[in-house]
Every structure is written in C-alpha cells, then in structure tokens.
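J.: In terms of the UniProt record's numbering, the sequence shown opens at residue 1 and continues consecutively.
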Amino acid sequence: MLQLKELNLTKKQKYFMIVFMIGFLFKYNYMLLLIFNVPAITGIVLKNIFFTFLTGYLLAPLAKAKKGRASLLVVSILFTTLFMGNLWYNRHFGDYLSFIDVTTSEGVGSPVVLFRHIFKVWDIFFVIDIILLVILTFKARDTKSKGNIVALFTKSRIKRGTIVIILLLIFQIFTVNLLLGNHSPAELYSRSSAGFVNVYGLASLYLYEFHTSTYAAYLNIANKEVSTPIEEDRLDDKSLIDKNSNIIVIQLESLDEKIIDYRHNNRELTPFLNQLKSESLYAENFYSQHVNGSFDADFAFLTSLYPVNRNYSFREDDMSKFDSIVKLLKKRGYQTLAFHGNNKKFFHRYKAFPSLGFDRFYSREDFSSKDRIMDLEESYLGINDYDFFNQSLDYLEQADRPFFAYMITVSTHTPFTFYPESEIQKEYSDIDNPIVYDYFQSVSFLDKSLEMFFDQLQQRGLAENTLFIIYADHQAGIDEKEYTSSEEFVADENINQPEHIPLIIKYPAVQADVIKKTATTTDIAPTILDMMGIEQKPREFIGSSLLKGEQKPVPFIHELPQVLYKDHLFIKGLEGLEKVGHLKGTTKEGVELTKKDKNRILQIIDYMKAIMLKRRIDTQE
1 MLQLKELNLT
11 KKQKYFMIVF
21 MIGFLFKYNY
31 MLLLIFNVPA
41 ITGIVLKNIF
51 FTFLTGYLLA
61 PLAKAKKGRA
71 SLLVVSILFT
81 TLFMGNLWYN
91 RHFGDYLSFI
101 DVTTSEGVGS
111 PVVLFRHIFK
121 VWDIFFVIDI
131 ILLVILTFKA
141 RDTKSKGNIV
151 ALFTKSRIKR
161 GTIVIILLLI
171 FQIFTVNLLL
181 GNHSPAELYS
191 RSSAGFVNVY
201 GLASLYLYEF
211 HTSTYAAYLN
221 IANKEVSTPI
231 EEDRLDDKSL
241 IDKNSNIIVI
251 QLESLDEKII
261 DYRHNNRELT
271 PFLNQLKSES
281 LYAENFYSQH
291 VNGSFDADFA
301 FLTSLYPVNR
311 NYSFREDDMS
321 KFDSIVKLLK
331 KRGYQTLAFH
341 GNNKKFFHRY
351 KAFPSLGFDR
361 FYSREDFSSK
371 DRIMDLEESY
381 LGINDYDFFN
391 QSLDYLEQAD
401 RPFFAYMITV
411 STHTPFTFYP
421 ESEIQKEYSD
431 IDNPIVYDYF
441 QSVSFLDKSL
451 EMFFDQLQQR
461 GLAENTLFII
471 YADHQAGIDE
481 KEYTSSEEFV
491 ADENINQPEH
501 IPLIIKYPAV
511 QADVIKKTAT
521 TTDIAPTILD
531 MMGIEQKPRE
541 FIGSSLLKGE
551 QKPVPFIHEL
561 PQVLYKDHLF
571 IKGLEGLEKV
581 GHLKGTTKEG
591 VELTKKDKNR
601 ILQIIDYMKA
611 IMLKRRIDTQ
621 E
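1) Can you tell which of 75, 171, 494, 209 has its C-alpha closest to the C-alpha of residue 188?
2) Got a sec, what are the start and stop residues for the beta strand (DSSP E) residue 467 sits in?
3) With a threshold of 16 other CB atoms inside 10 Å of the CB of residue 253, please say whether the residue is buried or exposed.
4) Have a look at 356, 379, 387, 281 and flag the residue whose alpha-carbon is nearest the alpha-carbon of residue 368.
5) So, using beta-carbon positions, are residue 564 and residue 498 closer together than 8 Å?
6) Need the endpoints of the alpha helix (DSSP H) that residue 306 sits in, please.
7) Would DSSP call residue 141 helix, strand or coil?
8) Which term fits residue 437, buried or exposed, when burial requires 16 or more other beta carbons within 10 angstroms of its beta carbon?
9) Less than 8 Å between the C-beta atoms of residue 273 and residue 513, yes or no?
10) On the three-state DSSP scale, how would you describe residue 249?
11) Let me know the secondary structure DSSP gives residue 454 once reduced to three states.
12) Given residue 169, which residues of its chain have a CB within under 7 Å of its CB, disregarding the five upstream and five downstream residues?
13) Tell me whether the beta-carbon of residue 196 lies closer than 8 Å to the beta-carbon of residue 207.
14) Starting from residue 92, trace the alpha helix (DSSP H) in both directions and tell me its first and last residue.
15) Could you please give me the residues that DSSP links to residue 268 through a beta bridge?
16) Enumerate in chain order the residues of its own chain whose CB-to-CB distance from residue 245 is below 7 Å, with the five nearest sequence positions on each side excluded.
17) Residues in the same chain with beta-carbon distance under 7 Å from residue 98, minus the five sequence neighbours each way, listed in chain order, please.
18) Tell me, to the nearest whole angstrom, how far the beta carbon of residue 495 is from that of residue 580; I am working on the premise that it is less than 8 Å.
19) Is residue 72 closer than 8 Å to residue 59 when the C-beta atoms are compared?
20) Is it the case that the segment 443-457 contacts the segment 405-423, given that we only count it when at least three CB pairs across the two stretches are under 8 Å?
21) Buried or exposed for residue 211, going by 16 or more other Cβ atoms inside 10 Å?
22) Would you grab the beta carbon distance between residue 422 and residue 375 for me? Rounded to a whole angstrom, and I think it's under 8 Å.
23) Quick check on DSSP: helix, strand or coil for residue 429?
24) Do you know whose CA, among 538, 348, 476, lies nearest residue 361's CA?
25) How would you call residue 434, buried or exposed, if buried means at least 16 neighbouring beta carbons within 10 angstroms?
26) Flag this pair as yes or no: are the beta carbons of residue 266 and residue 39 separated by less than 8 Å?
27) Which residue wins for smallest C-alpha separation from residue 482, given the options 612, 456, 431?
28) Starting from residue 13, trace the alpha helix (DSSP H) in both directions and tell me its first and last residue.
29) Where DSSP assigns a beta bridge to residue 627, which residues make up the other side?
30) Could you pull the start and end residues of the beta strand (DSSP E) that residue 56 belongs to?
31) Between the alpha carbons of residue 460 and residue 507, how many angstroms are there, rounded?
32) Roughly how many angstroms lie between the CA atoms of residue 607 and residue 380, to the nearest whole one?
33) Could you tell me which residues DSSP puts in a beta bridge with residue 382?
34) Look up residue 201 in the DSSP assignment and say whether it is helix, strand or coil.
35) Please report the residue range of the beta strand (DSSP E) in which residue 405 lies.
36) Looking at residue 95: is its Cβ nearer than 8 Å to the Cβ of residue 297?
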C-alpha cells in the first residue's frame, strides 16, 4: 500500500483526504445499514477495506493539486446528492431511491411537503464534510515539485493498484454471495435488493436496474405462465343488504385510525365519524396497502389484489386485463361512478378508471369554483372536500339506480393546510407544532364536510337504501412529540411498519358491531360482495371477506415484503419468512406462521410480481 512518506502530502492535503474518506464511508455505511438493511455485516467490512485501499492508493495523490481536489469534491457532492435523495425518500416512503423512482415516480407533491415532513434540522450534519472539502480545496497549497503528481501515477503503480482492487472485489463478492446462499445476480436481485447491494454494491444496483428497466430485459419473465393463488374461502349466498342497494365508497386522505375518538382539550376531532362508527360495523384492526403511493389504495380496493413495490400500476399496467368490483357491479346493472376533486390525470386515474369499468369519472373539471361555498382558493390538490361533496350530490341524484360511487377526498393531504380560516377550531390554538396543528384542523374540516354530505344524502332520500364504506388510503405519517400517527411496533430491523387506518361499514339494516379480524384494503371488495350475497368471488380476487373465515396473515409487498399476523411482523428474507417484530404490549413469543401460511404468502408475492410485470409488458407491445 502507498506509504504517506512516498506521497509527501501537506497537512491540509492530508486533512482533505481524511475528510473525503470519512464523509464517504459514513454515508455509504449509513445507506447500507439503515436504508438498505443489508443482511451480512461481513460485506460492509470488506467494502470498507476496498474503499480505504482505493482512496489511499489511487485517489490520495489527487489531493496534491487543486484540480485533483476539485475532482474529488465533485465526486463527494454527487455521492452526497445520491445519499440525501435516498435519505429523504426513505424517510417519506420507507424505501431506497431506485432508478425507477428517479426516472418515473410521481414525486412527493408540494415543496412544502418536503420541508415540513421530510427535511430535518440535523440533516445539515450530512453536508459538513462538503463544506470542509470546499474550504480545503482552495486553502491547501499545491505541491510545487514539478512532475511529482505524474510520478505517482506511473503505469506500474496503476497496474499494481488495479490488480489489488480486482482481487479485493472478487474476494468480497465471492465471500458475501456465499454467505447469502450463492445466488446468481438476477436471482439475488429478485429475492432481495438489500442482498444484491450487500454483494455487488450500490453502483451495480443502479446499473442493473437501468438494464432491467428496458423492454428486452423483461421478455423471459413476461412470457412465463402465472397461476392465480388458490383461495379456499368462499362467500356466503345470504345477502345482508337489499338487492338494488346503492353503494358509496369514500376513500379518505391520510386519516389515522387513532384519530377516531381522539380528543384535544376535551374536543373530539371527528365527532361525526365517531357517531357513525358507533352505528356501524367497525374494523378495529384494519391496515392500508401503501407501498408506492395513494393509488395503491385505489388498486387494492378495486381489484382485490396487493400492490407491488416500485410498480406504478395505473400508469404502467393495462388495467382492462384485471378483474374489478366495478366490472362485476356493472354487469349486475349498476351505474359506476368515480369522483375526485383533483386533476383527472393525477396518478393516471383518467386512464385507469375507465379501463377498470367506471362509466363516468368526475374530476376537477366537473366541479365549479364559482359555486363553491367555502372561502378557500384551490390548491394543487384541487377542490376542497366540503365543496367536493356538496357538488357531488347533484351528480348522485341524477345517477341511474342502483349506482356504485367511489369518492376520493383531498383536504387532509400533506401539508395539511387545505382548510378555510372560517373553520379553524380554537381548541387547537395551544398546539405549537405547525404540522400537528394543521393536521387537526384539516381533520376537523373533513369531519364537517362528511357530516354535511350525509345530512344532504338523507334529505334527498339517497341514504335509506345505501351501503356506505369509509376508509383511509393510508396514515398521515406524522411523528412528532405532540402526536404520532403510527402504532408502536417493536422491530429488530428498520422496516416499513403497517399503517393502521379506520374502516366503517354502514347500512341501515345491519347492526353495529366491532370486527376483530385483521384485514387490509384488499379485503374490502370481497366484503361488499359477501354483504350482497354473491357467493363466488371473481377468479383473480385474492382478498377475503371481513365477515367470515379464519384470521389469515396479511402481506405488504414492499421492497422487503412483510407480513402481519396476530400483531406480529414477519419479513421475507433470503431464506424465507422470519419474525422481526411485534406490536408493543403484545407477547413476543408464541406466534408463528404455519408452513401452509408461509407457502400461501410466498405464492401471493411471486404471483403479484409476475402478473404486474406481465401486464406491463403487454401494455408496451
């Protein structure tokens, strides 16, 4: 290894290289450990040895000249940009920033969302090395000995260094891959991107994702036959609702389950929803499907399937090839309507909804700003919930009977500021945290909007023979001292935790009760069919009715797929499903997945990944 005496670096040149190496290794290791959750520490140790040698042997001589230091500074800035992108993306979505996300994702919306919900003050710590490198780039004097730098980069030195680096890489790849089961790169990536990074590194991951993003790379997978997982549970032919009952499904934006019955200064945040809950079937253990974005909730409900990480279904897949509750109801004489107060192109719903069977999609262009009641200007989110519901009433009244209406709200979307000043609740004025304050205000405004909507439906005679389903697309994602959205899971690894959301099922002739069964958005459509007395689910529906059947493990197909079963968390690692956590307050031991359950979950994961890929390819043909 190159000796320091041979380099003859000045003190400031040495400081430059020390800052460069420490800054790089700290961020690199942070990504591997806390963002990718790599399985083998051995891989991290070997990579650190590799990068230390690379820096000391081939890069350190660059510190002797300003141009060399500037080049290393650019490298550090580029890597820090990649690091910060992964850090913020992980903080918001609980995943790493992939090549697909960089090139095709929908983003996080308003810049306010970024700064209020993602950026943390201590993030400045991650750019301190950049500041020091900038100073040292210009403060350190260049070595004046003519040809000194050139002499350090002789062909023999480069040759020796290259040989050592190649040997280190081969040893590291062979050793870690052996520890992880000795898989091919393609197989390892399909099993775990964390394992792939552990073996081949970050650069290889992004290059591989670039390769597999092309059409040709998918051909072999696309041509494979896939079979639907067999679900043994059948629905009941006993109807709980009248044959021609209307169905209104309302998907609420970012509403936490814990906000139901929540009080601040003895004021209920959601008095109307609380009352509705007491008169309805209420699923107290209900969790969202949220692995990419809000459209996951649409997809999971409408198709009774599980969304797949990094698959933007409404944009990338041919939705006409999926079974849907919309198509089924349409065949039974329902007029099918979708409502959303935002731009119809948001999340590509304008293409997906007709393909899924909707007769009509009412979007931003169908709602009037002039006729709004609330003194609230439009935002990038569209029209506020109060005016959205109010103006939707006429459309519902004009609809053919029976109708199926799917309604999506927006006022409680981040940054939670889409509420009128006239509706501000003074009871929240003591909340110093602006995120919590605005969330409470927006939730109260949503509750008032829902109350108005239900009152008007009652007055117009539209509530008497109507089944109402109300749930949230996902949690609000708030983690502040004054209020936190999440249930507290105790987990051995840094993973996405299940998002607890409310589910209310209201029908006049159905008595109020609490549903204990753990379920998810994928199970809503089979529950509706069960209540209608439809005995046979569509062939492709994987979800189960909440009203019958034994408790089954609930999968979430994140980058690292996980399973929730009886308040315990399992993840799909390289060797299968393993327990990693449990809900705080529950017993850690005593809950395990049976072999049958494990096989079912693995079959569902493989099926969903295959079918989403296959139908994406069909779209491109």
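Backbone N, C-alpha and C fix where the C-beta goes; we use that ideal spot for every residue, glycine too.
Quick caveat, the model's predicted, so the values are computed rather than measured.
T.: Per the coordinate set shown:
1) 209
2) 466-472
3) buried
4) 387
5) yes
6) It is not in any alpha helix (DSSP H) - residue 306 carries neither H nor E in the DSSP assignment.
7) coil
8) buried
9) no
10) strand
11) helix
12) 50
13) no
14) 66-93
15) 263
16) 402, 465, 466, 467
17) 209, 310
18) 7 Å
19) yes
20) yes
21) exposed
22) 6 Å
23) coil
24) 348
25) exposed
26) no
27) 431
28) 11-30
29) No answer is possible for residue 627: it lies beyond the span of the chain, which begins at 1 and ends at 621.
30) From DSSP, residue 56 is part of no beta strand (DSSP E); its letter is neither H nor E.
31) 17 Å
32) 36 Å
33) 379
34) coil
35) 403-408
36) no
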